[in-house]
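Visitor: Below is one structure. I have some questions about it.
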Amino acid sequence: MMNLSKRTFLKSIVAASIFAVVGFNAEPVYSSSPDTIKLGYLVKQPEEPWFQTEWAFADKAAKDIGNVQIIKIAVPDGEKTLNAIDNLAASGAKGFVICTPDPRLGPAIMAKARAYDLKVIAVDDQFLNAAGEPMTEVPLIMMAATEIGERQGQELYKEMQQRGWDVKDTAVLAITADELDTARRRTEGAISALIKAGFPAQHIYKSPTKSNDIPGALDAANAMLVQHPEVKHWLIVGMNDNTVLGGVRATEGQGFKADNVVAIGINGVDAVNELSKPNPTGFLGSLLPSPDVHGYRSTEMLYKWIKDGVEPEKYIAVQDVVFLKRDNFKAELAKKGL
Ligand code: FCA
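The sequence shown runs 797 to 1134 under our numbering.
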């Protein structure tokens, strides 16, 4: 469980990164000894604890290696991403890890990186080429999306059975973000696991979200809930914690009691506030993959590539997952040093 000082520390990382983008020439962020190797770590949504955790573990890897400095930059859109690469090159960085704000930026990111001779490792979200196909030539480290989605579906089904709900008046609200492949694979995994367990496919309702945050998911959920006044119990599927939290907030807004809603998120670190609430909500828990491993390993791989010419593996899918609930989340996060 993150303590207060760690949270404050993470907040200051976010502030420093924003500072790094705005005030690029500012001394404190870029000062280092001449033989320090500088590596960028660019993330699309620095407000998510998921990405703050990756940053913290990139720093940890840098510290363990020694003489490595991580330049953390928030890249919420394409323009900021391309500017960040210019800034990294100007600061003497040799490469970067990135979770892109849009997979279709892949070719532009790679063209710029190549022009500056920067090495690139993608994390979490895979680049797409101009034809919309995955750019498998760029090394990628991500969660095992389908398998983790399947686990979400299995756990939802199990909880429904434990509560003794009749499938006749139970439905699944799947908040989708199909243009992001990892999101599509997670929700498809959850849906297929539910159907495999015996849940009726005709009671599964998909609603696409316009943005990958709580407000976007809330709108998507509201639009679907009003169409199904006959449903008494809802199971909520979505690609991460914020997505299913938007769904839970929508059910609350429409008068559902926590007892009639089960949502299970993915990311874990983004569920801490919700699981800390004094009274249970419809949010049962969250599947915690390994943001620590993503941050640490991507940094280590990038360093070895630059320093010793060791080519990273092209594709690493991290499988490990822990189911966090109200009664175990503090202990489980602490076990991983989170
Ligand atoms: C995507 C999501 C993040 C996180 C990551 C592993 O980038 O937007 O919340 O789940 O995959």
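For glycine and all other residues, C-beta sits at the position ideal for the given N, C-alpha and C. Since we're looking at a predicted model, the values are computed, not measured.
Are at least three pairs of beta-carbons, each pair with one atom in the stretch 847-859 and one in the stretch 1091-1098, less than 8 Å apart?
Guide: With the cut-off at 8 Å, the stretch 847-859 and the stretch 1091-1098 touch.
Visitor: At a cut of 8 Å, does the stretch 1015-1025 reach the stretch 987-995 through at least three beta carbon pairs?
Guide: The stretch 1015-1025 is not in contact with the stretch 987-995.
Visitor: State yes or no: is the C-beta of residue 978 nearer than 7 Å to some heavy atom of the ligand FCA?
Guide: Indeed, a heavy atom of the ligand FCA lies less than 7 Å from the Cβ.
Visitor: Expressed to the nearest angstrom, what Euclidean distance is found between the alpha-carbon atoms of residue 834 and residue 853?
Guide: Between residue 834 and residue 853, the C-alpha separation is close to 16 Å.
Visitor: With respect to 7 Å, is the separation between the Cβ of residue 939 and the closest non-hydrogen atom of the ligand FCA below this value?
Guide: Yes, since a heavy atom of the ligand FCA falls inside the 7 Å radius drawn around the Cβ of residue 939.
Visitor: Compute the minimum distance between the beta carbon of residue 846 and the heavy atoms of the ligand FCA, and state whether it is under 7 Å.
Guide: Because some heavy atom of the ligand FCA lies under 7 Å away, the Cβ of residue 846 counts as near it: yes.
Visitor: Residues bridged to residue 1113 by DSSP?
Guide: 938, per the DSSP bridge assignment.
Visitor: From residue 1034 to residue 1051, what distance separates their C-alpha atoms?
Guide: Each residue's alpha carbon lies about 21 Å from the other.
Visitor: When DSSP labels each residue in this structure, what does residue 870 get in the three-state scheme?
Guide: It is a strand residue.
Visitor: Taking all protein chains shown into account, do 16 or more other C-beta atoms lie within 10 angstroms of the C-beta of residue 982, making it buried, or fewer, making it exposed?
Guide: Buried, since its Cβ has 16 or more Cβ neighbours within 10 Å.
Visitor: Going by Cα to Cα distance, which pick from 844, 851, 864 and 840 is closest to residue 830?
Guide: The candidate whose alpha carbon is nearest that of residue 830 is 864.
Visitor: What would DSSP say about residue 1090, mapped onto helix, strand or coil?
Guide: If DSSP states are grouped into helix, strand and coil, residue 1090 belongs with the helices.
Visitor: Is any heavy atom of the ligand FCA found at a distance shorter than 7 Å from the C-beta of residue 1062?
Guide: Answer for residue 1062: yes, Cβ within range of the ligand FCA.
Visitor: Run the proximity test for residue 863: is its beta-carbon closer than 7 Å to any non-hydrogen atom belonging to the ligand FCA?
Guide: Incorrect: residue 863 has no Cβ contact closer than 7 Å to the ligand FCA.
Visitor: Given a cut-off of 8 Å, decide if residue 966 and residue 999 are closer than it, judged by their beta-carbon atoms.
Guide: Cβ distance < 8 Å, so residue 999 and residue 966 count as in contact.
Visitor: Quick check on residue 841: does DSSP put it in helix, strand or coil?
Guide: If DSSP states are grouped into helix, strand and coil, residue 841 belongs with coil.
Visitor: State the start and end residues of the unbroken alpha helix (DSSP H) segment that holds residue 988.
Guide: First-last of the alpha helix (DSSP H) with residue 988: 977-993.
Visitor: What residue range does the beta strand (DSSP E) around residue 972 cover?
Guide: Residue 972 -> beta strand (DSSP E) spans 966-972.
Visitor: Could you check whether the Cβ of residue 921 sits closer than 7 Å to any heavy atom belonging to the ligand FCA?
Guide: Yes.
Visitor: Within 7 Å: the Cβ of residue 1036 and any heavy atom of the ligand FCA?
Guide: Yes, the ligand FCA has a heavy atom inside 7 Å of this Cβ.
Visitor: Do residue 1134 and residue 1065 count as a contact pair if the criterion is CB distance below 8 Å?
Guide: Yes, Cβ-Cβ distance for residue 1065 and residue 1134 is below 8 Å.
Visitor: Where does the unbroken alpha helix (DSSP H) through residue 1131 begin, and where does it stop?
Guide: Note, residue 1131: alpha helix (DSSP H), 1125-1131.
Visitor: Which same chain residues, not among the five before or five after residue 1100, have their C-beta less than 7 Å away from its C-beta?
Guide: If we look at residue 1100 and ignore the five residues flanking it on each side, its Cβ neighbours are 1106.
Visitor: From the DSSP output, in three-state form, read off residue 923 for me.
Guide: Residue state, collapsed to three classes: coil.
Visitor: Excluding the 5 residues flanking residue 931 on each side, which residues of the same chain have their C-beta closer than 6 Å to its C-beta?
Guide: Excluding positions up to five away in sequence, the list reads 902, 923 and 925.
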